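Mapped onto my numbering, the consecutive letters of the sequence shown carry residue numbers 133 to 593.
Every residue, glycine too, gets a C-beta built ideally from N, C-alpha and C.
Bear in mind that the values here come from a model prediction, so they are computed numbers and not experimental data.
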Amino acid sequence: MTHLSAGKIGELKSGFKGEILLPGDGGYEGARRIWNAMIDRRPAVIARCTSTQDVVQGVNFARENGLLLAVRGGGHNIAGNAMCDDGFVIDLSRMKAVRVDPAYRRATIEGGGTLADLDAATQAHGLATPTGINSTTGIAGLTLGGGFGWLSRKFGMTIDNLESAEVVTASGEVVRASATEHPDLFWALKGGSGNFGVVTRFEFRLHPVGPELLSGLIVYPISKAKSVLQQYREFIAKAPDELSVWTVLRHAPPLPFLPESVHGKAIVALALIYAGDPKKGESLIEPLRSFGTPLGEHVGVQPYVAWQQVFDPLLAFGARNYWKSHNFSTLADGLFDAVIEYIGTLPSPQCEIFFGAIGGATTRPPTESAAYPHRDALFVMNVHGRWDDPADDKRCIGWARDFFKASAPYATGGVYVNFLTADEADRVRSAYGSNYDRLVQVKRKYDPGNLFRMNQNISPG
Ligand SMILES: Cc1cc2nc3c(=O)[nH]c(=O)nc-3n(C[C@H](O)[C@H](O)[C@H](O)COP(=O)(O)OP(=O)(O)OC[C@H]3O[C@@H](n4cnc5c(N)ncnc54)[C@H](O)[C@@H]3O)c2cc1C
């Protein structure tokens, strides 16, 4: 275990406005817990920052004392890099402030804010920027990997809406990165994940959204999954950017709009949102109801913030999780056969396979416009292996890996950096794709000593 003298800790505490948590301190055990319960790490110090100056102090302390450094935003990342054993954690969970300028259509949010924090503040003005589908996710990790969700077909990736960022670099300097200030760093932040510094503040462009939108679920039996998926493929190819429809295959949760006899049985669900006038959306989604005979549906006009939280109960903190992911530019019949076969052997009621349809505005910027390289991805598949009992680890992980292999022949070879698990170092280059070499150049300039290496790492070489 790293030994830091009382003198060193005293030095750290002086001038630090937030909280310094050491093993044994009340609050330490809670602070080291993150979303994925598979991650059980014990840092030497958790520094709960409350200001950019605290972050500067933390970065300098870790660098000067040769400590392994991790950065915790929302703590959601499946790979668990928000925590480290025996090192120093910059914990941003107290830095969540959001400011909205409705006239200028801009929002700033601190580096520890969640999607829920941002949505609540922006939707108060009928504005939003595209983020992800689980409101407890951190805006920092999501944005730094690219970020996509229900509004992305219309407004692009989260990074496509990033206007500027305040960054504490490895040398402890505070810089503003934008198209005109440190443009190389700004480019790298837009998909290069946590490699370049601690982002203490993000500034986003906003768009008029809702606040009430048409959204909901239409559920079909697994016995009709192949036909439903084939019709879905044709439908989404022609859908306007305003309409997002994702597919989820899993065991039905006990949702009140489904007959009790269906609860716990395999289903295919279409999750939809129309980011425009609900009346127009109603006629556009009508064909989704005739892919067969639905088991049930729950579709209506509801607040956008409510839809942003609708999957939260299925994705709560504290379960064991192991994910595998592929990008697809088309959905092949062979892929549908493989999915249906593996849904037949789901190893736990919480496991699921989903296809997030992006496309639309996410595909239009050139590949080199930002570090995120997957402008060819029309669908992002995520195999959510999820369970509670450690005794099930091997079985559930094995299932996710086997399906990942079975679906690989149909995939682009690219992978979303934010869905990589801890054991996928061999896929890191595929995550950064053709932008990897340029990312290495920026890494050499801003973090030549690789202080920020608890991430999907870009080695400065
Ligand atoms: C249930 C669930 C649903 C998800 N849904 C979506 C989705 O719809 N769309 C999508 O795009 N992604 C989605 N994701 C993936 C998500 O974007 C990543 O897990 C992301 O890394 C989470 O960010 P975080 O800040 O919560 O994570 P953390 O674990 O806190 O951080 C992840 C990494 O980002 C870096 N980091 C964090 N904060 C900072 C900072 N302020 N400055 C610099 N580096 C930092 C660090 O390297 C850290 O290891 C989902 C994840 C989960 C668990």
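Whole-Å CB distance - serine 267 paired with alanine 248, under 8 angstroms assumed: Against the sequence shown, residue 267 aligns to sequence position 135. Against the sequence shown, residue 248 aligns to sequence position 116. That belief holds up - the Cβ atoms of serine 267 and alanine 248 are roughly 4 angstroms apart, short of 8 angstroms.
Cβ-heavy atom distance, asparagine 459 to ligand 2, below 7 angstroms: This structure does not include ligand 2; its bound ligands are ligand 1.
Continuous beta strand (DSSP E) stretch holding glutamine 434: start and end: For the purposes of this step, residue 434 is identified with residue 302 of the sequence shown, where counting begins at 1. 428–435 is the span of the beta strand (DSSP E), which, as asked, contains glutamine 434.
Three CB pairs or more closer than 8 angstroms across the segment 446–461 and the segment 514–522: yes
For threonine 332, the three-state DSSP class (helix, strand or coil): Taking the sequence shown and counting its residues from 1, the one referred to as residue 332 is at position 200. In this structure, threonine 332 counts as strand in the three-state DSSP scheme.
Neighbourhood of histidine 314 by C-beta distance below 6 angstroms, restricted to the same chain and skipping five residues each side: As a working note, residue 314 is residue 182 in the sequence shown. Cβ neighbours of histidine 314 beyond the five flanking positions: Val307.
CB contact below 8 angstroms: histidine 208 versus chain C: Protein chain content of the structure displayed is limited to a single chain, and chain C is not contained in it.
Proline 391 to isoleucine 350 span [Cα, whole Å]: By 1-based counting over the sequence shown, the position of residue 391 is 259. By 1-based counting over the sequence shown, the position of residue 350 is 218. One C-alpha to the other measures close to 13 angstroms.
Glutamate 242 burial status per 10 Å Cβ neighbour count (16 or more: buried): For the purposes of this step, residue 242 is taken as the residue at position 110 of the sequence shown. With 16 or more Cβ atoms within 10 Å of its Cβ, glutamate 242 is classed as buried.
Own chain partners of leucine 283 with C-beta closer than 7 angstroms, once the 5 adjacent residues on each side are dropped: Here residue 283 refers to the residue found at position 151 when the sequence shown is read from its first residue. If we look at leucine 283 and ignore the five residues flanking it on each side, its Cβ neighbours are Ala260, Pro262, Val341, Ala407.
Under 8 angstroms between C-beta atoms of glutamate 335 and serine 296: Position 203 of the sequence shown, counting from 1, holds the residue named residue 335. Position 164 of the sequence shown, counting from 1, holds the residue named residue 296. Yes, they are a contact pair.
Backbone secondary structure at isoleucine 368 - three-state DSSP: Mapped onto the sequence shown, residue 368 falls at position 236. Looking at isoleucine 368 - three-state DSSP - the assignment turns out to be helix.
Start-end ranges of the alpha helix (DSSP H) lying completely within the segment 521–587, minimum 4 residues: 525–539, 560–564, 568–578
Whole-Å CB distance - arginine 570 paired with proline 522, under 8 angstroms assumed: The residue labelled residue 570 in the question sits at position 438 within the sequence shown. The residue labelled residue 522 in the question sits at position 390 within the sequence shown. At roughly 41 angstroms, the Cβ-Cβ gap does not stay under 8 angstroms, so arginine 570 and proline 522 are not in contact.
Own chain residues within Cβ distance below 6 angstroms of proline 234, not counting five before or after: If you number the sequence shown from 1, residue 234 lands on position 102. Counting only Cβ-Cβ distances below 6 angstroms, and skipping sequence neighbours, we find His257.
Inter-residue Cα distance where the pair is isoleucine 271 and glycine 219: Your numbering for residue 271 matches position 139 in the sequence shown. Your numbering for residue 219 matches position 87 in the sequence shown. So the alpha carbons of these two residues sit roughly 24 angstroms apart.
Cβ-Cβ distance between leucine 361 and tyrosine 578 below 8 angstroms: Position 229 of the sequence shown, counting from 1, holds the residue named residue 361. Position 446 of the sequence shown, counting from 1, holds the residue named residue 578. No; because the gap between Cβ atoms is not below 8 angstroms, this pair is not in contact.
Among Phe328, Ser393, Leu467, nearest to tyrosine 542 - alpha-carbon criterion: What you label residue 542 is simply residue 410 of the sequence shown in a count that begins at 1. Comparing Cα positions, the closest option is Leu467.
Alpha-carbon spacing of valine 572 relative to proline 435, whole angstroms: Here residue 572 is taken as the residue at index 440 of the sequence shown, counted from 1. Here residue 435 is taken as the residue at index 303 of the sequence shown, counted from 1. Cα to Cα, the separation comes out at about 42 angstroms.
Check whether arginine 180 and methionine 215 have beta carbons under 8 angstroms apart: Taking the sequence shown and counting its residues from 1, the one referred to as residue 180 is at position 48. Taking the sequence shown and counting its residues from 1, the one referred to as residue 215 is at position 83. Against a cut-off of 8 angstroms, the Cβ pair of methionine 215 and arginine 180 comes out as no contact.
Asparagine 589 beta carbon less than 8 angstroms from that of proline 505: Locating residue 505 in the sequence shown gives position 373, counting from the first residue. Locating residue 589 in the sequence shown gives position 457, counting from the first residue. In this structure, asparagine 589 does not lie closer than 8 angstroms to proline 505 by Cβ.
Proline 410, enclosing alpha helix (DSSP H) - first and last residue: Stepping through the sequence shown from its first residue, residue 410 is reached at position 278. Looking at the DSSP string, the run of the alpha helix (DSSP H) that includes proline 410 is 410–417.
Alpha carbon of valine 603 to alpha carbon of serine 183, nearest angstrom: Residue numbering for the chain in the displayed model covers 133 to 593; residue 603 lies beyond these limits and cannot be assessed.
Own chain, CB closer than 7 angstroms to arginine 365, minus 5 neighbours either side, in chain order: Taking the first residue of the sequence shown as position 1, residue 365 is located at position 233. Counting only Cβ-Cβ distances below 7 angstroms, and skipping sequence neighbours, we find Leu463.
Closer than 7 angstroms: asparagine 582 CB and nearest ligand 1 heavy atom: Within the sequence shown, residue 582 is the residue found at index 450, counting from 1. No - ligand 1 has no heavy atom lying nearer than 7 angstroms to the Cβ of asparagine 582.
Arginine 204 Cβ short of 7 angstroms to ligand 1 heavy atom set: Working through the sequence shown from its first residue, we reach residue 204 at position 72. It does: the Cβ of arginine 204 is within 7 angstroms (strictly closer) of some heavy atom of ligand 1.
Per-residue burial, tyrosine 548 [other beta carbons within 10 Å of its own, 16 or more giving buried]: Along the sequence shown, one-based indexing puts residue 548 at 416. Under this definition tyrosine 548 is a buried residue.
Spatial distance of glycine 565 from tryptophan 167 (CA atoms): The residue you call residue 565 lines up with position 433 of the sequence shown. The residue you call residue 167 lines up with position 35 of the sequence shown. Approximately 27 angstroms, taken between the alpha carbons.
Backbone secondary structure at proline 340 - three-state DSSP: Residue 340 sits at position 208 when you count from the first residue of the sequence shown. In this structure, proline 340 counts as strand in the three-state DSSP scheme.
Coil, strand or helix - phenylalanine 460 by DSSP: Here residue 460 is taken as the residue at index 328 of the sequence shown, counted from 1. In the structure shown, phenylalanine 460 sits in a strand (DSSP, three-state: E or B).
Three-state secondary structure assigned by DSSP to isoleucine 399: Against the sequence shown, residue 399 aligns to sequence position 267. Reduced to three states, the DSSP call for isoleucine 399 is strand.
Whole-Å CB distance - alanine 493 paired with aspartate 373, under 8 angstroms assumed: In the sequence shown, counting from the first residue as 1, residue 493 sits at position 361. In the sequence shown, counting from the first residue as 1, residue 373 sits at position 241. Confirmed, Cβ separation roughly 6 angstroms.
Glycine 273 vs isoleucine 291 beta-carbon contact at 8 angstroms: Taking the first residue of the sequence shown as position 1, residue 273 is located at position 141. Taking the first residue of the sequence shown as position 1, residue 291 is located at position 159. Cβ atoms of glycine 273 and isoleucine 291: not closer than 8 angstroms.
Leucine 571 beta carbon near ligand 1 (any heavy atom closer than 7 angstroms): Mapped onto the sequence shown, residue 571 falls at position 439. No; taking the cut-off as 7 angstroms, the Cβ of leucine 571 has no heavy atom of ligand 1 nearer than that.
Simplified DSSP assignment, three categories, for asparagine 197: Within the sequence shown, the letter at position 65 stands for residue 197. The answer is coil: DSSP assigns asparagine 197 none of H, G, I, E or B.
Three-pair Cβ contact test at 8 angstroms for the segment 438–445 versus the segment 392–402: no
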